[in-house]
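Working notes, beginning with the structure itself.
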């Protein structure tokens, strides 16, 4: 068992426990503190901010000036509330900590903790245990999950080469390390998120050879009124357009990466134009040489492992991802469990903050047995406008239907277990493996370190296809990727050391 944990039969209890310290989690903490609750915030990173506000290491004494961030002032305000809660002794923070299991109990919830990513200690500001000895279990009267999401990926020949990263991984690398993981980049996929990634690279002195957007942007025309309802998004988009013009970044619509070339690392990228159905157009193939880094992003996948453990109701969102169902007060189908941010549908940081504020306020009131107005009329209108914009974005930037046509039988789909597409197609056509769980059992796809987080969407689509092309991933198949009794990797000793009653 890790020295950072001590099993205890008297687990610390809190009014509200919040998992995630990104925009939604920080906003939930601020509201819960305002509501008078005793709060604990748990996050796998070493400091607050999440992926959106990931920043330079505070432990190293580095001060982030916010140049690579949007809404930095919002973060500073939420961080001030967070730090004030710690100083007042009303907020306990557990960083570098993952929740690997959560259970519902008569009086609330119990959460089992483990050091994140091999961390040797999880004590941070506001910790409640002696130095080097954090509790293996904590309890919550009300639980707010704000675990965010991660880049959705689709396989492409050559994507296993060193130098290929998720688009969000490139952005996170830059924000945290203040350096670039390459010199000359190609950014590809779909959606507005490609823009800040490319702009950040150029701002930090890197070269962006091309941004390849698979849609043609005409999908925004019938939905322009939804964009007009969130004017801040338009201003943000104008900033990116200016950055692209200033740095002369090529932006190619209806263009996809068909192959990543190189021997022992990325050396070049082959691209092609596609039609409205995502099929490659003959004679449009071209090679971009001297590329040493590629960022791929096809939207985001909510991190649903903990909600799935508790059995929350889910649905398919407009972008084809599985999301949790909540009411206007951010309550899930599980009593006492509230959800905020990307778990309820990918919609960006502004929406996550709105949902987090509501969830924290409701959780604090319910924990204290008080009634509360869940959200003001203004908040609900803002949420609806942000949700409408998010739906428009998903519909305007769909995953192109023809992506599987470019995946050869030799292309690795599950990179952890090195499972090629040909094995998945054979299992689908010859062995009736038409969902991710049966594919896992037959081919081992999704059995590796990431447990299907990277390949799960693609495996579900290929399993639902006709033996060559991809189908639409079903809610049931996507749910299989999220259902894990052990949500995060941990040493077996930590399970064995738990008290028998747990």
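Numbering (this note's numbering), first residue to last: 6 to 507.
Beta carbons are placed, not taken as given, at the ideal position from N, Cα and C, and that holds for glycine.
Report the CB separation of residue 294 from residue 259 in whole angstroms; it is logged as a contact under 8 Å.
So it is not a contact: roughly 22 Å between Cβ atoms.
In chain order, what residues of the same chain lie with their CB nearer than 8 Å to the CB of residue 489, ignoring the 5 residues before and after it?
Result list for residue 489: 310, 313, 314 and 456, in chain order.
Alpha carbon to alpha carbon, what distance is there between residue 229 and residue 105?
When rounded, the distance between both Cα atoms is 42 Å.
I want to know whether the segment 378 to 398 touches the segment 235 to 253 - three or more CB-CB distances under 8 Å.
They touch, by the three-pair rule.
Measuring straight from C-alpha to C-alpha, what distance separates residue 67 and residue 78?
Between residue 67 and residue 78, the C-alpha separation is close to 18 Å.
Go through its chain and collect everything with a Cβ distance to residue 54's Cβ below 6 Å, but skip five positions before and after it.
Cβ within range, chain order: 60.
Give the single residue among 433, 424, 375 and 198 whose Cα lies nearest to the Cα of residue 557.
What the structure shows of the chain is the stretch from 6 to 507, and residue 557 is not part of that stretch, so it cannot be assessed.
Determine the direct distance from the alpha carbon of residue 373 to that of residue 18, and round the result to whole angstroms.
So the alpha carbons of these two residues sit roughly 13 Å apart.
Could you tell me whether any non-hydrogen atom of the ligand ATP is closer than 7 Å to the CB of residue 96?
Within the structure as shown, the ligand ATP is missing, as the structure has no ligands at all.
Starting from residue 117 and walking both ways along the beta strand (DSSP E), at which residues does that stretch end?
Note, residue 117: beta strand (DSSP E), 113 to 120.
Would you call the CB atoms of residue 27 and residue 151 closer than 8 Å?
Yes, the Cβ-Cβ distance between residue 27 and residue 151 is below 8 Å.
With burial defined as no fewer than 16 other Cβ atoms inside 10 Å of the residue's Cβ, what is the status of residue 408: buried or exposed?
The residue is buried, with at least 16 neighbouring Cβ atoms inside 10 Å.
Please give the ranges of any beta strand (DSSP E) in the segment 274 to 338, keeping only runs that are unbroken, at least 3 residues long and fully inside the region.
If we require 3 residues or more, the beta strand (DSSP E) runs fully inside the segment 274 to 338 come out as 291 to 294, 298 to 302, 305 to 307, 319 to 321 and 327 to 329.
Could you spell out where the beta strand (DSSP E) holding residue 260 opens and where it closes?
Residue 260 -> beta strand (DSSP E) spans 260 to 266.
Which same chain residues end up closer than 7 Å to residue 254 when comparing Cβ atoms and leaving out the 5 residues on each side of it in sequence?
These residues qualify, in order along the chain: 203, 207, 213 and 216.
In whole angstroms, what separates the C-alpha of residue 143 from that of residue 113?
Cα-Cα distance, rounded: 11 Å.
Given 8 Å as the limit, is there contact between the segment 348 to 361 and the segment 31 to 41, that is, 3 or more CB pairs closer than that?
As far as the Cβ criterion goes, the segment 348 to 361 touches the segment 31 to 41, which means the pair count is three or higher.
Any idea if residue 136 is buried or exposed, counting beta-carbon neighbours within 10 angstroms, 16 or more meaning buried?
Bear in mind that a pLDDT of 42 at residue 136, under 50, signals an unreliable position, so the number given afterwards is only what the model happens to contain. When all chains shown are included, residue 136 counts as exposed.
In chain order, what residues of the same chain lie with their CB nearer than 6 Å to the CB of residue 197, ignoring the 5 residues before and after it?
Nothing listed; no residue qualifies.
Buried or exposed for residue 367, please, with buried defined as at least 16 other CB atoms from any protein chain shown within 10 angstroms of its CB.
Its Cβ being crowded by 16 or more others within 10 Å, residue 367 is buried.
Pull up the distance between the alpha-carbon of residue 247 and that of residue 200, whole angstroms please.
About 11 Å.
Just tell me which of 496, 158, 429 and 270 has its CA closest to the CA of residue 448.
With distances taken between Cα atoms, residue 448 lies closest to 429.
Who are residue 222's beta bridge partners in DSSP?
According to DSSP, residue 222 bridges with nothing at all.
Ends of the beta strand (DSSP E) at residue 161?
Here residue 161 belongs to no beta strand (DSSP E), and DSSP marks it neither H nor E.
Unbroken alpha helix (DSSP H) runs of length 4 or more, entirely within the segment 355 to 430: which are they?
Entirely contained in the segment 355 to 430, the alpha helix (DSSP H) runs reaching 4 residues are, in chain order, 382 to 401.
Answer yes or no: do residue 464 and residue 450 have a C-beta to C-beta separation smaller than 8 Å?
Contact: yes.
Cβ of residue 327 within 8 Å of Cβ of residue 484?
Cβ distance < 8 Å, so residue 327 and residue 484 count as in contact.
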